[in-house]
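Residue numbers (the numbering used here): -14 to 315.
Beta carbons: idealized from backbone N, C-alpha and C, even for Gly.
Please read all numbers here as calculations on a predicted model, not as lab measurements.
Here the structure comes first, spelled out in structure tokens, and everything after it is commentary.
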Amino acid sequence: MNRSAIWRNAPASPLFRQLYRAQCHRSFACSTYLRREHDPRIKALGREISDDYAIIREKYETPKYPIVLAHGLFGFAELRLAPYFPAVEYWHGIRDALTAQGATVLTPTVPPSSSIADRAAALRSALEAHAPMHEAVTIVAHSMGGLDARYMLSHLAPLPVRVAAMVTVATPHRGSAFADYLLDEEVSPLHHYLPQLYQTFEKAGLGTAAFSQLTRRYMAKEFNPSTPDQPDVRYFSYGAAVERPALLSPFRHPHAVMTQAEGPNDGLVSVESSHWGTYKGTLLGVSHLDLINWSNRVGWTVREWMGIKKNFNAIAFYLDIADMLAKEGY
């Protein structure tokens, strides 16, 4: 896409126009595809994973310990919109696939937008209710769920069950530039609406502390210095990077902000921020929602008609995580 086309599609905000001008000098933001030769930053940040999880293998090892799936911001285990409608799952098909392979899976629900401390306390309570009969568990966390788990491990000991290992998937361990942007009164067009938004959340019984705690400053100055890793827990992590989202995608603007401030990202969390413990690699062409199997099926159907094969299957990805944990002795 040429520079004039990018400009025509750019948002009206002056800040975004500035971002797009800067990004048009970077192949990552202006390219249709993620390519190593266009953006060496991806390669510099760890192993690249392009199509390792495109299909489900015939054989996976079954982990010894139960897997606790920890959801992210605005997450839930299961949501019923009406009595006669099927439930909507945050871990769309992932829990069932892991269970079918013989794994024991727990899917606790924590407050959607409360503070990390409150969410971590709810996670601990879920373990206390459902996991004490097990020798140990492992935690596989998406997005903010990884911060909840880290806080629980560091601040809420002793735990009702031993946590042997945790795997974070696109967790903003160093915060998110988009959270910075939303809370910046000088640049964010949404900043003036935050009081009304917070009031709406509070009326609905939801917390609002999560937003300020996802900023890069909070993570660097407060959370990470006070939340050390536990020596008896293995930490693994994955990140993801996606091309510039389509014009009508809700991730288009966040991706623009993230690309300018942090580089390659999945639309909400940068690859750099995803690093923690043993970094297993960067999933290329995978968005923040693709990671929990909330893919745009219509979009992929169109791509398949055009001969573009899907490079990522979230079910295959989580089955491989379980396989990895099993081979590590967990």
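Between the CA atoms of residue j and residue i - distance to the nearest angstrom
i, j, result
"VAL125", "ALA189", "29 Å"
"LYS44", "ILE306", "13 Å"
"SER99", "GLU74", "20 Å"
"ASP133", "LYS294", "35 Å"
"THR244", "LEU232", "16 Å"
"PRO(-1)", "PRO145", "Because PRO(-1) sits at a pLDDT of 44, beneath the cut-off of 50, its placement in the model cannot be relied upon, and the following sentence gives the value as read from the coordinates. When rounded, the distance between both Cα atoms is 51 Å."
"HIS115", "ALA106", "14 Å"
"MET137", "SER280", "30 Å"
"ASP36", "ALA299", "11 Å"
"ALA149", "LEU141", "16 Å"
"ALA55", "PRO93", "7 Å"
"TYR315", "GLY130", "20 Å"
"TRP261", "LEU304", "21 Å"
"PHE102", "ILE41", "Checking the sequence, you will find Ala at residue 102 rather than Phe. Looking at the two C-alpha atoms, the distance is approximately 36 Å."
"PHE186", "GLU46", "43 Å"
"THR89", "VAL152", "16 Å"
"VAL256", "GLU207", "21 Å"
"GLN181", "PRO230", "28 Å"
"HIS240", "LEU253", "7 Å"
"TRP76", "ASP169", "32 Å"
"LEU112", "GLU171", "42 Å"
"ARG202", "SER259", "16 Å"
"PRO48", "SER173", "45 Å"
"GLY31", "GLY87", "31 Å"
"MET309", "LYS28", "22 Å"
"ARG135", "SER234", "31 Å"
"HIS238", "PRO25", "23 Å"
"HIS273", "ASP81", "21 Å"
"PHE236", "VAL242", "10 Å"
"ARG147", "GLN215", "12 Å"
"GLU120", "ASN209", "29 Å"
"PRO143", "PHE302", "31 Å"
"ALA195", "ASN278", "23 Å"
"LEU199", "LEU191", "17 Å"
Counted within 10 angstroms of its Cβ, other Cβ atoms place residue i as buried (16 or more) or exposed
i, result
"ALA311", "buried"
"GLY248", "buried"
"GLY57", "buried"
"GLY78", "exposed"
"PRO157", "buried"
"TYR220", "buried"
"ALA197", "Note on identity: in this sequence residue 197 is Ser, with Ala being the wrong assignment. Looking at its Cβ environment, which holds fewer than 16 other Cβ atoms inside 10 Å, SER197 is exposed."
"ASP217", "exposed"
"PHE59", "exposed"
Beta-carbon spacing of residue i, residue j below 7 Å
i, j, result
"GLY266", "VAL227", "no"
"ALA164", "ASP251", "no"
"SER324", "TYR264", "Absent from the structure is residue 324, since the part of the chain shown begins at -14 and ends at 315."
"ALA225", "ALA162", "no"
"ASN296", "ALA85", "no"
"VAL122", "TYR50", "yes"
"PRO213", "SER139", "yes"
"ARG104", "PRO96", "yes"
"MET118", "ARG159", "no"
"LEU83", "VAL53", "no"
"LEU276", "ILE34", "no"
"TYR183", "THR193", "yes"
Bridge-paired residues (DSSP) for residue i
i, result
"THR193", "DSSP, once it has assigned bridges, lists no residue as partnering THR193."
"THR263", "PHE221"
"SER255", "ASN250"
"VAL122", "VAL148"
"LEU268", "ILE34, ALA225"
"HIS127", "VAL154"
Legend entry - Those runs of the alpha helix (DSSP H) which lie wholly inside the segment 26 to 114 and span at least 4 residues: 79 to 85
Legend entry - Residue ranges of each beta strand (DSSP E) within the segment 218 to 245, 3 or longer: 219 to 226
Inset, instruction - Any chance you could list the alpha helix (DSSP H) runs of at least 4 consecutive residues sitting entirely within the segment 129 to 174, in chain order? - result: 130 to 140, 162 to 168
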